[in-house]
Amino acid sequence: MAIRGAVLTLLCVALFAATAGAETLPLAQVPPAVQKGIQAQLANATLGEINREEEDGEITYTVEIIKAGQTRDYTLNESGTLVRMEVFLRETPPAVQTAIQNFAGQGKIQSIDKALDDEAVRYDVAWKNKSGVDRSFSVLENGKLESTQVDLAETPPAVQATITKEAGNGQLGEIIKSFEDNAIYYDVTFNRDGKDRDFTVAESGKLESRQVFLAELPPPAQASVQRTIGAGKLLRIDQVFDKKKGVFPFEVESLVDGKPYDFSIGPKGAFLGID
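So the sequence shown is numbered by this note's numbering: it starts at 23 and just counts up by one.
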């Protein structure tokens, strides 16, 4: 999809704690598969809070586990698979330790999260810079910097102009500068009409993609999405500004029969293929 999953994770206001509005549940009220996954991590440790969170239609469970006086957060998906876990600097690979220490410099590391749900293992770091400002960045297992949080003023003028235009009268959130395939992108969150949204801008200032909601699609495209998903679950839609079969497509993430099903739809409802 146009928006990278690793970056989306980093776009959260609080990377490693339960988000505002999360629902706290007792162990007995989480699905059996999640209970099993929690028990596998628990061993002889003490179970703390369990928070159920939902973002873009995906449900996760963040669990506090206390062992030897240290509290860690573990995140599991609906199938009970561990997708994220809090780690300490000394537990990361040497290349990652070096990259984190070099990037954080005189700042203070708040927490490190090891992400396990992507093709490459990633370490998401929350820290305070030397001015005391909360920031975040991500490092790959080989020590390469993958992304870092920046301010609007730290982006190129062309990027600033696109961000300002696209956000309009919305409330600007975080900007994540990411490095991918020798290119730089800026992933931006903002809130408009009470909805959190995001979009991606290339270093040239070109708008790469924007998140949209089903009701905002042209009626033929809405109908096509609903027909394709059927009784499945819609997770996310992005309008992408690279033409596919002559049109700017809507890329759709969904679950059908409990499995990921991603596809593209044209503005007139034409099915453009599976992604």
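A virtual CB, placed ideally from N, CA and C, is assigned to each residue, including glycine.
Only a predicted model underlies this, so the values are computations on that prediction, with no experimental measurement involved.
* To do: To the nearest angstrom, report how far apart Gln244 and Val274 are at their CA atoms.
  => 11 Å
* Throw me the rounded Cβ distance for the Gly192 and Arg214 pair, which I believe falls under 8 Å. => 3 Å
* Given a threshold of 16 other Cβ atoms within 10 Å of its Cβ, counted over all protein chains shown, does Ser101 qualify as buried or as exposed? -> exposed
* By the 10 Å Cβ neighbour count, where 16 or more other Cβ atoms means buried, how is Phe38 classified, buried or exposed? -> Confidence is the limiting factor: at Phe38 the pLDDT is only 40, short of 50, which leaves the residue's position unreliable and the question unanswerable from this model.
* Asked: Is the beta carbon of Lys150 less than 9 Å from the beta carbon of Gln132?
  -> Their beta carbons are under 9 Å apart, which means Lys150 touches Gln132 by this criterion.
* Asked: What are the residues that DSSP puts in a beta bridge with Gln57?
  -> Paired residues: none, contrary to the question.
* Close Cβ partners of Ala183 (< 7 Å) along its chain, the five nearest in sequence each way excluded -> Gly227
* Beta carbon of Tyr145 nearer than 9 Å to that of Asp156 -> no
* To do: Compute the distance between the beta-carbons of Ile197 and Asp218, then report whether it is under 9 Å.
  => no
* **Segments of 4+ residues assigned as alpha helix (DSSP H) that fall wholly inside the stretch 134-193** => 179-189
* **In DSSP terms, what Val269 is bridged to** => Lys266
* Do Ile251 and Ala224 have their C-beta atoms closer together than 9 Å? -> no
* To do: Give the single residue among Ala292, Asp264, Val56 whose Cα lies nearest to the Cα of Arg74.
  => Val56
* To do: Mark Leu239 as exposed unless 16 or more other C-beta atoms lie within 10 angstroms of its C-beta, in which case mark it buried.
  => Counting Cβ neighbours within 10 Å, Leu239 comes out buried, since at least 16 surround it.
* Distance CB(Val105)-CB(Leu138) smaller than 9 Å -> yes
* Does the beta-carbon distance from Ser276 to Leu256 come in below 9 Å? -> yes
* For Gly288, count neighbouring Cβ atoms within 10 angstroms of its own Cβ and tell me buried if that reaches 16, exposed if not. => buried
* Asked: Could you give the distance in angstroms between the alpha-carbon of Gln61 and the alpha-carbon of Ile259?
  -> 35 Å
* Minimum C-alpha distance to Glu71 - residue among Gly291, Glu77, Arg112, Ala50 -> Ala50
* In angstroms, rounded to a whole number, what distance separates the CA positions of Ala319 and Asn66? -> There is simply no residue 319 to check, as the chain begins at 23 and stops at 297 in what is shown.
* Work out the CA separation of Ile185 and Gln123 for me, nearest whole Å. => 31 Å
* Report the partner residues of Ala62 according to the DSSP bridge assignment. => DSSP, once it has assigned bridges, lists no residue as partnering Ala62.
* Asked: According to DSSP, is Ser246 helix, strand or coil?
  -> helix
* Would you mind stating whether Leu167 and Phe221 have Cβ atoms separated by less than 9 Å? => no
* Asked: Val147 and Leu162: beta carbons closer than 9 Å?
  -> It is not a contact, given that the beta carbons lie outside the stated cut-off.
* Through-space distance from Val181 to Pro208, alpha-carbon basis -> In the sequence as displayed, the identity of residue 208 is Tyr instead of Pro. About 8 Å.
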